[in-house]
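Below is one structure, written out as structure tokens; comments come after it.
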Amino acid sequence: MKAFVTVMPKAGVLDPQGKAIGHALTGLGFAGIGEVRAGKVIELELAETDPVKAKAAAEEMARKLLANTVIESFSVTVG
Amino acid sequence: MKAAIILFPGTNRERDMALALQRATGHRPPLLWHRDTELPAGLDLVVLPGGFSYGDYLRCGAMAAQSPIMRAVKEFAARGGHVLGVCNGFQMLAEAGLLPGALLRNASLRFLSMDCHMRVERADTPFTGRFQRGQVFRATMAHGDGNYFADAATLDRLEGEGLVALRYATPQGEVTAAANRNGSARNIAGLLSPNLRVLGLMPHPENQVDPEIDGTDGLPLFESLAESFAAA
Amino acid sequence: MTQPPAPLPPERAAQLAAEFGLKPDEYERVLAILGRAPSLTELGVFSVMWSEHCSYKSSRVWLRGLPTKAPWVIHGPGENAGVIDIGDGLAAIFKMESHNHPSFIEPYQGAATGVGGILRDVFTMGARPIANLNALRFGLPEAPRMKRVIDGVVRGIGGYGNCVGVPTVGGEVNFHPAYNGNPLVNAMTVGIAPKDRIFLSAAAGIGNPVVYVGSKTGRDGIHGATMASAEFSADSEEKRPTVQIGDPFVEKLLIEACLELMATDAIVAIQDMGAAGLTSSSVEMAGKGDVGIELVLDDVPQREAGMSAYEMMLSESQERMLMILKPGREAEAAAIFHKWELDFAVIGHLTDTGRIVIRHRGQVEADIPLAPLESEAPLYRRPTAETPKLPVLDAASIPDPVGPEAALGKLVGSLDLCSRRWIWDQYDSMVGGQTARRPGAADAAVVRVEESLEKGGARALAMTTDCTPRYCAADPEEGGKQAVAEAWRNLTAVGARPLAITDNMNFGNPEKPEIMGQFAAAIRGMAAACTALDFPVVSGNVSLYNETEGRAILPTPAIGGVGVLEKVGQAVGLSLAPGLDLVVIGETKGWLGQSLWLREIAGREDGAPPPVDLAAERRNGDFVRARILTGEVRACHDLSDGGLLVGLAEMAMAGGCGASLAPALAGIPAHAFWFGEDQGRYVLAVADAAALLAAAAAAGVPAMKLGRSGGEALALAEGPSISVASLRVAHEATLPALMAES
Numbered sequence: 001m002k003a004f005v006t007v008m009p010k011a012g013v014l015d016p017q018g019k020a021i022g023h024a025l026t027g028l029g030f031a032g033i034g035e036v037r038a039g040k041v042i043e044l045e046l047a048e049t050d051p052v053k054a055k056a057a058a059e060e061m062a063r064k065l066l067a068n069t070v071i072e073s074f075s076v077t078v079g
Numbered sequence: 001m002k003a004a005i006i007l008f009p010g011t012n013r014e015r016d017m018a019l020a021l022q023r024a025t026g027h028r029p030p031l032l033w034h035r036d037t038e039l040p041a042g043l044d045l046v047v048l049p050g051g052f053s054y055g056d057y058l059r060c061g062a063m064a065a066q067s068p069i070m071r072a073v074k075e076f077a078a079r080g081g082h083v084l085g086v087c088n089g090f091q092m093l094a095e096a097g098l099l100p101g102a103l104l105r106n107a108s109l110r111f112l113s114m115d116c117h118m119r120v121e122r123a124d125t126p127f128t129g130r131f132q133r134g135q136v137f138r139a140t141m142a143h144g145d146g147n148y149f150a151d152a153a154t155l156d157r158l159e160g161e162g163l164v165a166l167r168y169a170t171p172q173g174e175v176t177a178a179a180n181r182n183g184s185a186r187n188i189a190g191l192l193s194p195n196l197r198v199l200g201l202m203p204h205p206e207n208q209v210d211p212e213i214d215g216t217d218g219l220p221l222f223e224s225l226a227e228s229f230a231a232a
Numbered sequence: 001m002t003q004p005p006a007p008l009p010p011e012r013a014a015q016l017a018a019e020f021g022l023k024p025d026e027y028e029r030v031l032a033i034l035g036r037a038p039s040l041t042e043l044g045v046f047s048v049m050w051s052e053h054c055s056y057k058s059s060r061v062w063l064r065g066l067p068t069k070a071p072w073v074i075h076g077p078g079e080n081a082g083v084i085d086i087g088d089g090l091a092a093i094f095k096m097e098s099h100n101h102p103s104f105i106e107p108y109q110g111a112a113t114g115v116g117g118i119l120r121d122v123f124t125m126g127a128r129p130i131a132n133l134n135a136l137r138f139g140l141p142e143a144p145r146m147k148r149v150i151d152g153v154v155r156g157i158g159g160y161g162n163c164v165g166v167p168t169v170g171g172e173v174n175f176h177p178a179y180n181g182n183p184l185v186n187a188m189t190v191g192i193a194p195k196d197r198i199f200l201s202a203a204a205g206i207g208n209p210v211v212y213v214g215s216k217t218g219r220d221g222i223h224g225a226t227m228a229s230a231e232f233s234a235d236s237e238e239k240r241p242t243v244q245i246g247d248p249f250v251e252k253l254l255i256e257a258c259l260e261l262m263a264t265d266a267i268v269a270i271q272d273m274g275a276a277g278l279t280s281s282s283v284e285m286a287g288k289g290d291v292g293i294e295l296v297l298d299d300v301p302q303r304e305a306g307m308s309a310y311e312m313m314l315s316e317s318q319e320r321m322l323m324i325l326k327p328g329r330e331a332e333a334a335a336i337f338h339k340w341e342l343d344f345a346v347i348g349h350l351t352d353t354g355r356i357v358i359r360h361r362g363q364v365e366a367d368i369p370l371a372p373l374e375s376e377a378p379l380y381r382r383p384t385a386e387t388p389k390l391p392v393l394d395a396a397s398i399p400d401p402v403g404p405e406a407a408l409g410k411l412v413g414s415l416d417l418c419s420r421r422w423i424w425d426q427y428d429s430m431v432g433g434q435t436a437r438r439p440g441a442a443d444a445a446v447v448r449v450e451e452s453l454e455k456g457g458a459r460a461l462a463m464t465t466d467c468t469p470r471y472c473a474a475d476p477e478e479g480g481k482q483a484v485a486e487a488w489r490n491l492t493a494v495g496a497r498p499l500a501i502t503d504n505m506n507f508g509n510p511e512k513p514e515i516m517g518q519f520a521a522a523i524r525g526m527a528a529a530c531t532a533l534d535f536p537v538v539s540g541n542v543s544l545y546n547e548t549e550g551r552a553i554l555p556t557p558a559i560g561g562v563g564v565l566e567k568v569g570q571a572v573g574l575s576l577a578p579g580l581d582l583v584v585i586g587e588t589k590g591w592l593g594q595s596l597w598l599r600e601i602a603g604r605e606d607g608a609p610p611p612v613d614l615a616a617e618r619r620n621g622d623f624v625r626a627r628i629l630t631g632e633v634r635a636c637h638d639l640s641d642g643g644l645l646v647g648l649a650e651m652a653m654a655g656g657c658g659a660s661l662a663p664a665l666a667g668i669p670a671h672a673f674w675f676g677e678d679q680g681r682y683v684l685a686v687a688d689a690a691a692l693l694a695a696a697a698a699a700g701v702p703a704m705k706l707g708r709s710g711g712e713a714l715a716l717a718e719g720p721s722i723s724v725a726s727l728r729v730a731h732e733a734t735l736p737a738l739m740a741e742s
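This is the structure in structure tokens:
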């Protein structure tokens, strides 16, 4: 089964990339854009078939390597 | 001084570092492979050099920080060993938890390759003994992710404990926003561990060690290390 | 006897041949060679091997006119890169190559893979790359997409070069509307190897294993070589999926692994998989060695499932190499590549059949005799038409609308003369710890050779890229001459002995006589300069069909020059210090035709370009170099774009120091004296002009004292005193303002 790990900069951590994207979108004429945050999604193909176990495994991977919890938060979905 | 440089896949400033150490100590340090699980006996200094370990993929230094030899480096540091991490090496130290905080993308979102100036915040460490406190020296910086970040409480603690070794400054020694090209918190360029034996810094003093190439501004850092171990 | 491959139905084959870019008569030759209709894979092999990009079919007859020999040349054109002897038992290996079309379609990846490709051409010969340079030509920033192209190309060059850890130390950038729809990205790499350990590509040893190393093969860039041989049209945007993606991390591992294996004697021959990947590498290696080759594609490391033989043979996946190993050395070699976490696979062996045989899933997919694939390759002597000569402009007939102060301020901030700092601040120029003169510090980059240091020496290489396309457009022969002379001059200006060049010939559609005429004339001019200056061509690359919707670029024969300094400490830069006499070497006549002053201030792009007097060039340059090597010259700068006052301003801005200047020579209008672009000239800063002037007189070299450095302004005898600080502001502001993230 697949697990999707979404890694985002933590609130309070400067995200210049998100800021630049927001600025560019406004420049292109899109109105009403508030804060923009840029993160990443890591797609994992897992042999595990039990969604609960797969999610736990992916969370462990995120804590250990995929996210740096000093600056990033993560969430995992499976399916 | 017995030093060794660790080579990760994608490391690219190991030869610069070896030349700098050779200039300060008279002999060329060995290169250790990242898959090794032990450090050679009797080592004084481990150096994590600059480069793009694992292509800077995922996060700079993140995968190198998980490599087999880093376990040995952590143990070495815990036993009071000296560790120098430059550029990608600083990123690894932060990712491995040997220094607090993280190195984010430069505020300009561009790779920065230029000279910077750093003010020496304390000269009573094994890395800075040959400098004067407040002295300013020039070094090359070459990084895309050198923007030092830590939360306010951590920054206050680092300042309080005197663990900021180097700050970006003007050539005259003023700590200004303009001198802080990558956007680092409180102009932090180099950071020490509480026992003052681990130093991480983003710029490359190893590129300023030879009068025929680009001056010797960075040489005192390596001479300081050589001197502390010669005296010991 | 091998079972021949299944041919395509004849009508389908003919139709596909045309789609793949083979002309009807070329396709007839394919039929004659095979004696039957080709299979799809065979047709793919012929079409890429006979593309302009791989076969040089339009340019080869002209390239033969270039001098390629000198006592210090070890390998000239024909290998992956040129090889020259630089002393201390060492060789410099270098080449420049274009990645123009891919860089327009996808600027970041196009430029990045251009850097990756040229690095492989150099390290495949056994060299550790020590420097990269780039010759870039962009359209005007306001042209559609152009800012994105500029930004992407610069990021791509930096992204790749910085990661592999090879310093990007120099290059050049021009802007002109002729490149609006077809920018040029020419990348050059210089490497160092022991001169008795050069690796070549000719395969040898029947039965020897053919080994594939590096990244896996995917469906990237199929028919990239044929794309590079066709004009752009509005639908080129559609071709985007064929662009390859570079992985500089793998390239770095590949460099280390190859050099580690090269330290053994296990390799017979090696070549990178560049354009037309597995096809060109296997065909060329076997062809050069007069052997046959048999490949089993099932054994090729593959990134995607279900790839056909055709796709694998034409894939341009990056960071791959093909090697012939000595028998029995596979395990030793595999261990090195596995240590560096790279794929390693034996995918075939050499045969005595003189044929390339490609097997896949138990079928023979191609079976082609190699000799005719090369000997029957098309070769065209296309019709040429001479570029009409333009009149020589009389400077006195061109009024100066603004005066020197305003003109200088405008020129130093103009696109072709403004500071390139915004670009080079994104390139790591220092990695390696050997860069003694980085971008902007001298007329050529200077990098010490670490291997010389290890032998107790301090030898350094000087490197530059040069071409003045507006001169080439006005007079391709003089322009070709000037490009070579300027490279020679820039190396001379740092004190180096110029040794050899690589050329990157960027032109329009060769099927148009006026374009082929430009090409032939540029070669004539280059050949004359190479001969007069003892500066042979050792490698090169041709990029034709640089046109969009029928509009050609300016003819751009970019020259990459390499010279040597026996001691790195002998190198001089261009930065001016106070208290020095300024002396101009070479004759100033006030040539305004095709000058930047004429274009930027008078708004005219016309007239004949300045001629290059090769005898004077040689005499002046040899004199300047000799004076630099005495140690008396504190700064030196050649005079090129913008002329005398711009050259002085560049020295002043670099050093933060002004100068008081003598009046313009009598008989020359002041604006022509200060901004004319007469060739073969240098400004030298010395403690005392008298000795230098006496030496020049003795050597029959024109020289005049121009002034003395000091103060904070360029003070002209005629009046205005121009603040160096304000010039610097104008000089530095242009690119950051243009490229500011809006």
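Protein chains in written order, with our numbering: chain A, 1 to 79; chain B, 1 to 232; chain C, 1 to 742.
Ideal placement from N, C-alpha and C gives every residue a C-beta, glycine not left out.
What you are looking at is a predicted structure, and each value in this text was computed from that prediction instead of being measured.
(message) I'd like the span of the alpha helix (DSSP H) that includes residue 91(B), first residue to last.
(response) 88-95
(request) Using a Cβ-Cβ cut-off of 7 Å, state whether residue 20(A) counts as contacting chain B. (result) yes
(message) Can you list, in chain order, the residues of its chain with a C-beta nearer than 6 Å to that of residue 757(C)? Leave out the 5 residues immediately preceding and following it.
(response) This structure cannot settle anything about residue 757(C), because the visible part of chain C is limited to 1 through 742.
(request) Under the assumption that residue 293(C) contacts residue 351(C) (Cβ atoms under 8 Å), give the Cβ distance between them as a whole number of angstroms. (result) 7 Å
(request) Could you tell me whether the segment 714-722 of chain C touches the segment 646-662 of chain C, where touching means 3 or more Cβ pairs closer than 8 Å? (result) yes
(message) I want to verify the contact list: residues of chain B whose CB lies under 9 Å from the CB of residue 36(A), in sequence order.
(response) The premise fails here: residue 36(A) is roughly 13 Å from chain B at the closest Cβ pair, so nothing lies under 9 Å.
(request) Answer yes or no: does any C-beta atom of chain B fall closer than 7 Å to that of residue 102(A)? (result) Missing from the structure shown is residue 102(A); chain A here goes from 1 to 79 and no further.
(request) Return the chain-ordered list of same chain residues with a C-beta closer than 8 Å to the C-beta of residue 234(C), the five sequence neighbours on each side being excluded. (result) With a pLDDT of 49 at residue 234(C), under the threshold of 50, the modelled position of this residue cannot be trusted; read the value that follows with caution. Around residue 234(C): 549.
(request) Tell me whether the beta-carbon of residue 67(C) lies closer than 7 Å to the beta-carbon of residue 530(C). (result) yes
(request) Could you confirm whether any beta carbon from chain B is found closer than 7 Å to the beta carbon of residue 742(C)? (result) Legend: pLDDT at residue 742(C) = 45, less than 50; position of this residue unreliable, value from coordinates given subsequently. Closer than 7 Å: no.
(request) Jot down the residue ranges of each uninterrupted beta strand (DSSP E) in the segment 99-151 of chain B, minimum 3 residues, whole runs only, in chain order. (result) 102-104, 112-120, 136-143, 147-149
(request) Would you check if there are 3 or more beta carbon pairs closer than 8 Å linking the segment 206-220 of chain C to the segment 294-302 of chain C? (result) yes
(request) Determine the burial state of residue 280(C): buried for a count of at least 16 other Cβ atoms within 10 Å of its Cβ, exposed for fewer. (result) buried
(message) When you compare the CB of residue 142(B) with every CB in chain C, is at least one pair closer than 7 Å?
(response) yes
(request) Find the residues of chain F that neighbour residue 189(B), judging by a C-beta separation of less than 9 Å, and give them in chain order. (result) No chain F appears in this structure, whose protein chains are A, B and C.
(request) Report yes if the CB atom of residue 191(B) is closer than 7 Å to the CB atom of residue 99(B), and no otherwise. (result) yes
(request) Could you check how far apart the C-beta atoms of residue 195(C) and residue 91(C) are, in whole angstroms? I think they sit under 8 Å. (result) 4 Å
(message) Tell me which residues of the segment 85-106 of chain B have at least one Cβ-Cβ distance to chain A shorter than 7 Å, keeping chain order.
(response) 95, 101, 102, 104, 105
(request) Tell me, please, which residues DSSP counts as bridged to residue 50(C). (result) Answer is none; residue 50(C) lacks a bridge partner.
(request) Please specify which runs of the alpha helix (DSSP H), each continuous and at least 4 residues long, are wholly inside the segment 576-605 of chain C, giving them in chain order. (result) 596-600
(message) Between residue 71(B) and chain A, is any beta-carbon pair separated by less than 7 Å?
(response) no
(message) Please list, in chain order, the chain B residues whose beta carbon lies closer than 8 Å to that of residue 65(A).
(response) 58, 62, 63, 66
(request) Would you kindly report the start and end of the unbroken alpha helix (DSSP H) that includes residue 118(C)? (result) 107-123
(message) Between residue 70(A) and chain B, is the shortest Cβ-Cβ distance under 7 Å, so that the two count as touching?
(response) yes
(request) Could you say if the segment 165-178 of chain C and the segment 281-292 of chain C meet the contact criterion of at least three C-beta pairs nearer than 8 Å? (result) no
(request) Kindly indicate if chain B contains any beta-carbon less than 7 Å away from that of residue 108(C). (result) no
(message) I'd like to know if residue 240(C) contacts chain B, where contact means its C-beta is closer than 7 Å to some C-beta of that chain.
(response) Only weak support exists for where residue 240(C) lies, its pLDDT of 39 falling under 50; the value from the coordinates is given anyway. Judged by the 7 Å Cβ criterion, residue 240(C) is not in contact with chain B.
(request) Quickly, what does DSSP pair residue 72(A) with across the bridge? List them, please. (result) 9(A)
(message) Between residue 197(B) and chain C, is the shortest Cβ-Cβ distance under 7 Å, so that the two count as touching?
(response) no
(message) What does the Cβ neighbour count give for residue 360(C), buried or exposed, with the cut at 16 atoms within 10 Å?
(response) buried
(message) What would DSSP say about residue 212(C), mapped onto helix, strand or coil?
(response) strand
(message) Which residues in chain B have a C-beta closer than 9 Å to the C-beta of residue 134(C)? List them in chain order.
(response) None at all; the shortest Cβ gap to chain B is about 14 Å.
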